[in-house]
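Visitor: Would you mind keeping the following structure in view while I ask a few things?
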Amino acid sequence: MRHVHACNNTPSPAHLLPFRFGEAQVGWVTPELARALAFFPAEIHFDGRGVAMAGRFRTPAQRSDALAGIARDLARRGFGRIRNELFDIRAEADGPALGALDRGLVPQFGVIGQGVHLNGRVRGPDGLYLWVGFRAPHKAVAPGQLDNLVAGGIPAGMTPEDTLLKEGEEEASLPAELVRQARRVGRVSYVMTNEEGLRRDVLHCFDLDLPEGWEPKPNDDEVERFELWPLARVLAEVRERDTVKFNVNLVLIDLFLREGLVPEAEAAALRPALNQGP
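Following this line, the structure appears as structure tokens:
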């Protein structure tokens, strides 16, 4: 449960200002960011309900174009960093895309971020095993920590399944025919304040049963190596240590619950706690 609490360290957004497209609230901004946005009077308006994009931006494309220029200026001022990857902006996690924003500014605006996480499972004669990734030591977030077999943010215009295919090949050399066998098993969500800003994240969880003898191979610089661990060892790592990337703990706890590895009294509290976000 300590991992759940660490990912949900923002019980109230009362210290933040709503950020809107028209009547639709799509995020939250700090007073400091709001002051920086005041330098864009043609694009950003202020009223008694917070901060809003000017009403003349009526389409997702218009909002995206305006935000691209704002994001570049804000990044130069120290508000986030440009990552050259767009994320969709939605009022609700499963709602329509209302615009797009560079991924590096998503937490600054408190916009919902979505990703995919894949549990790579191997059923051995003595039980269930899990492929564990070791994050590269140069990663900006959680360097050297443990990760899922595949994980990644969902770029603008892509579905979770599209993203899983892309990330599977890039991160673990997973052939498409294998990735297409993955099963969507649920989601976890959280609201977390960290050095990036306000993370309102939804992670779509997938399970993939892999054949014995098949080995993933890093295909980019995201992951240093993979190891195949008994699931009981992964559970002990999550329960007793802090070596797993912060949000991957939630994905693994979801797996432990589905596999019946958590005592029922503890499970009853953990199940609803895994979805405290958008």
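All the letters of the sequence shown, read from the start, carry residue numbers 2 to 279 under the working numbering.
The C-beta atom is built at its ideal place from N, Cα and C for all residues, glycine as well.
Source: prediction; values computed, not measured.
1) Does the segment 184-199 come into contact with the segment 247-265, if we say contact requires no fewer than three beta-carbon pairs (one atom in each stretch) closer than 8 angstroms?
2) Buried or exposed, going by whether 16 or more other CB atoms sit within 10 Å of the CB of Thr-60?
3) What residue does the alpha helix (DSSP H) around Pro-273 start on, and which one ends it?
4) Hey, Val-186 and Arg-259: beta-carbon distance below 9 angstroms or not?
5) Span of the beta strand (DSSP E) holding Arg-188?
6) For the alpha helix (DSSP H) containing Pro-32, list its first residue and its last residue.
7) Could you tell me the alpha carbon to alpha carbon distance between Asp-74 and Thr-31, rounded to whole angstroms?
8) At 3 residues or longer, and completely inside the segment 141-177: list those beta strand (DSSP E) runs for me, N to C.
9) Output yes or no for whether 9 angstroms exceeds the beta carbon distance between Ala-101 and Ile-113.
10) With 16 as the cutoff for other CB atoms within 10 Å, does Val-142 come out buried or exposed?
11) With burial defined as no fewer than 16 other Cβ atoms inside 10 Å of the residue's Cβ, what is the status of Gly-121: buried or exposed?
12) Measure the C-alpha to C-alpha separation of Ala-72 and Glu-225 and round it to an integer number of angstroms.
13) Could you compute how far the alpha carbon of Asp-221 sits from the alpha carbon of Arg-136?
14) Determine the closest residue to Thr-160 out of Asp-202, Gly-116 and Pro-126, with distance taken between C-alpha atoms.
15) Please report how far the alpha carbon of His-118 lies from the alpha carbon of Gly-70, in whole angstroms.
16) Could you tell me whether the segment 16-23 touches the segment 47-59, where touching means 3 or more Cβ pairs closer than 8 angstroms?
17) Where does the unbroken beta strand (DSSP E) through Gly-134 begin, and where does it stop?
18) Indicate whether Arg-91 and Gly-154 have their beta-carbon atoms separated by less than 9 angstroms.
19) Can you give me the start and stop residues for the beta strand (DSSP E) that Arg-226 sits inside?
20) Would you list the residues sitting across from Ala-53 in a DSSP beta bridge?
21) Is the beta carbon of Val-27 closer than 9 angstroms to that of Ile-254?
22) Using a Cβ-Cβ cutoff of less than 8 angstroms, which residues in the same chain neighbour Asn-9 once the five nearest sequence positions on both sides are dropped?
23) Have a look at the DSSP bridge pairing and note the partners of Gln-115.
24) Please state whether the Cβ-Cβ distance between Val-18 and Trp-29 is less than 9 angstroms.
25) Looking at the strands, I want to know which residues DSSP matches up with Arg-122.
26) Measuring alpha carbon to alpha carbon, tell me which of Val-133, Glu-178, Phe-80 and Gly-158 ends up nearest Gln-109.
27) So if DSSP puts Asp-89 in a beta bridge, which residue, or which two residues, is it bridged to?
28) For Gln-26, write down the residues that DSSP places opposite it in a beta bridge.
Guide: Result, derived from the coordinates:
1) yes
2) Numbered from its first residue, the sequence shown carries residue 60 at position 59. So Thr-60 ends up on the exposed side.
3) For the purposes of this step, residue 273 is identified with residue 272 of the sequence shown, where counting begins at 1. 265-274 is the span of the alpha helix (DSSP H), which, as asked, contains Pro-273.
4) Stepping through the sequence shown from its first residue, residue 186 is reached at position 185. Stepping through the sequence shown from its first residue, residue 259 is reached at position 258. Cβ distance < 9 angstroms, so Val-186 and Arg-259 count as in contact.
5) By one-based count along the sequence shown, residue 188 stands at place 187. Run containing Arg-188: 184-195, per the beta strand (DSSP E) assignment.
6) Along the sequence shown, one-based indexing puts residue 32 at 31. It spans 32-38 - the alpha helix (DSSP H) in which Pro-32 sits, taken as one unbroken run.
7) In the sequence shown, the residue the question calls residue 74 occupies position 73. In the sequence shown, the residue the question calls residue 31 occupies position 30. Cα to Cα, the separation comes out at about 17 angstroms.
8) 151-154
9) Translated into positions along the sequence shown, residue 101 becomes position 100. Translated into positions along the sequence shown, residue 113 becomes position 112. Contact flag unset, no.
10) Residue numbering aside, residue 142 sits at position 141 when the sequence shown is read from its first letter. Its Cβ having fewer than 16 others within 10 Å, Val-142 is exposed.
11) The count along the sequence shown starts at 1 and reaches residue 121 at position 120. Buried is the call here.
12) By one-based count along the sequence shown, residue 72 stands at place 71. By one-based count along the sequence shown, residue 225 stands at place 224. When rounded, the distance between both Cα atoms is 31 angstroms.
13) By 1-based counting over the sequence shown, the position of residue 221 is 220. By 1-based counting over the sequence shown, the position of residue 136 is 135. Taking the straight line from one Cα to the other gives about 11 angstroms.
14) Locating residue 160 in the sequence shown gives position 159, counting from the first residue. Considering only alpha carbons, the answer is Gly-116.
15) Counted from its first residue, the sequence shown places residue 118 at position 117. Counted from its first residue, the sequence shown places residue 70 at position 69. Rounded to whole angstroms, His-118 to Gly-70 spans 31 angstroms at the Cα level.
16) yes
17) Residue numbering aside, residue 134 sits at position 133 when the sequence shown is read from its first letter. Per DSSP, Gly-134 is one residue of the beta strand (DSSP E) stretching across 128-136.
18) One-based indexing of the sequence shown puts residue 91 at position 90. One-based indexing of the sequence shown puts residue 154 at position 153. No; because the gap between Cβ atoms is not below 9 angstroms, this pair is not in contact.
19) Against the sequence shown, residue 226 aligns to sequence position 225. Counting along the chain, the beta strand (DSSP E) containing Arg-226 begins and ends at 224-231.
20) As a working note, residue 53 is residue 52 in the sequence shown. Arg-21 and His-46.
21) On the sequence shown, position 253 is the one that residue 254 refers to. On the sequence shown, position 26 is the one that residue 27 refers to. For Ile-254 and Val-27, no; Cβs fall outside 9 angstroms.
22) Along the sequence shown, one-based indexing puts residue 9 at 8. Result list for Asn-9: Tyr-191, Val-192, Met-193, Ala-274, Gln-277 and Gly-278, in chain order.
23) Within the sequence shown, residue 115 is the residue found at index 114, counting from 1. Gln-115 pairs with Val-203.
24) Residue 18 sits at position 17 when you count from the first residue of the sequence shown. Residue 29 sits at position 28 when you count from the first residue of the sequence shown. Note that residue 18 is Leu in the sequence shown, not Val. Cβ atoms of Leu-18 and Trp-29: closer than 9 angstroms.
25) Stepping through the sequence shown from its first residue, residue 122 is reached at position 121. The partner list for Arg-122 (beta bridge, DSSP) reads Leu-131 and Asp-210.
26) Within the sequence shown, residue 109 is the residue found at index 108, counting from 1. That would be Phe-80, whose Cα lies nearest to the Cα of Gln-109.
27) By one-based count along the sequence shown, residue 89 stands at place 88. Asp-89 pairs with Ala-101.
28) The sequence position of residue 26 within the sequence shown is 25, counting from 1. In DSSP, Gln-26 forms a bridge with Arg-21.
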